[in-house]
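Following UniProt numbering, the numbering of the sequence shown begins with 1 at its first residue and continues without gaps. Every residue, glycine too, gets a C-beta built ideally from N, C-alpha and C. This structure is a prediction, so every number in the text was calculated from the model and none was measured.
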Amino acid sequence: MTATDALSLKRLAVGELAEVSLTIAPGEVHCLSGPSGSGKSRLLRAVADLEPHDGEAWLGETAQSSLAGHAWRARVMLVPAESQWWGDTVGEHLADARLDDLETLGFAAEVRDWQVARLSSGEKQRLALVRALSREPSALLLDEPTANLDDATARRVEAWLGARIRERGWPVIWVAHDPAQIDRVADRHWRIVEGRLEEAGAWA
Ligand SMILES: Nc1ncnc2c1ncn2[C@@H]1O[C@H](COP(=O)(O)OP(=O)(O)OP(=O)(O)O)[C@@H](O)[C@H]1O
């Protein structure tokens, strides 16, 4: 199923960041950058309805406030920088994951038998992305999705994400620091400057 709803932020305000209004069309990637502590993760958490905030987010005609938090987050899927794992084995979290996704990111089918406790931070990050995409969301919020990865693996994950985003038509907010990555993946690029969101060229 291809996503057809835009993700809109309407006067969304959390913490010190001035209110944010923007619309992300289906299949568009909006990158978000800014200094450490400027409020990028908090903004994503507000869009995911995990933090109290003013204003609200919309997915097409559906307002965030019209759904219970868990129902909203099943559609507007946050992949935080630090993933959470509740079962003992990887497979308990990957019931609907595609084998080709796992293989593209360097895992064999046996990864399902691995203990979560043995995972490196980079393995956790890649598997958390596979898990999120396998849940058929309608929009994605990605918080530094390649932060724990070496350059070659980061490029592989980035290309895979880009292909799946185009295929599924998800509107995406992607927090990133690397200007080269932003240049490759962003349709639009927003920077937090002195507590406000400003649009930058995708090359900046
Ligand atoms: N629940 C909260 N209540 C009050 N302040 C908070 C809360 N959560 C985070 N903060 C503060 O808000 C600021 C923004 O935090 P946030 O995690 O959004 O930064 P960030 O831009 O994602 O930074 P980084 O690039 O280092 O991950 C920080 O000063 C943080 O300490």
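Could you tell me whether the stretch 170 to 184 touches the stretch 138 to 158, where touching means 3 or more Cβ pairs closer than 8 Å? Three or more Cβ pairs closer than 8 Å define a contact, and the stretch 170 to 184 meets that threshold against the stretch 138 to 158.
Helix, strand or coil, according to DSSP, for Ser134 in the structure here? Reduced to three states, the DSSP call for Ser134 is helix.
CA-to-CA distance, Asn148 to Ser121, given in whole angstroms: The straight-line gap from Cα to Cα measures roughly 6 Å.
Tell me, please, whether the stretch 110 to 120 touches the stretch 70 to 88 by the rule of three or more beta-carbon pairs shorter than 8 Å. Judged by Cβ distances under 8 Å, the stretch 110 to 120 makes contact with the stretch 70 to 88, as three or more pairs qualify.
How would you label Pro26, buried or exposed, when you count the other beta carbons within 10 angstroms and need 16 or more for buried? Buried, because 16 or more other Cβ atoms sit within 10 Å of the Cβ of Pro26.
Scan the stretch 51 to 135 and note each continuous alpha helix (DSSP H) run of 4 residues or more that stays entirely inside, going in chain order. If only uninterrupted alpha helix (DSSP H) runs of at least 4 residues are considered, those enclosed by the stretch 51 to 135 are 69 to 75, 99 to 104, 121 to 134.
For Cys31, I'd like the list of residues in its chain whose CB is within less than 6 Å of its CB, leaving aside the five on either flank, ordered along the chain. Close CB contacts of Cys31 within its chain, under the 6 Å cut and outside five residues either way in sequence, are with Trp174, Ala176, Ile182, Ala186, His189 (chain order).
Under 7 Å, do Arg73 and Ala48 count as touching if we go by C-beta distance? Cβ distance < 7 Å, so Arg73 and Ala48 count as in contact.
Under the three-state DSSP convention, the category Glu19 falls into: Glu19 carries a strand assignment under DSSP once its states are collapsed to helix, strand and coil.
So is Trp203 buried or exposed if we call it buried at 16+ other beta carbons inside 10 Å? For Trp203, the pLDDT reaches just 46, beneath the cut-off of 50, and the residue's location in the model is therefore unreliable, although a value from the coordinates is still provided. Here Trp203 is exposed. Its C-beta has fewer than 16 other C-beta atoms within 10 Å.
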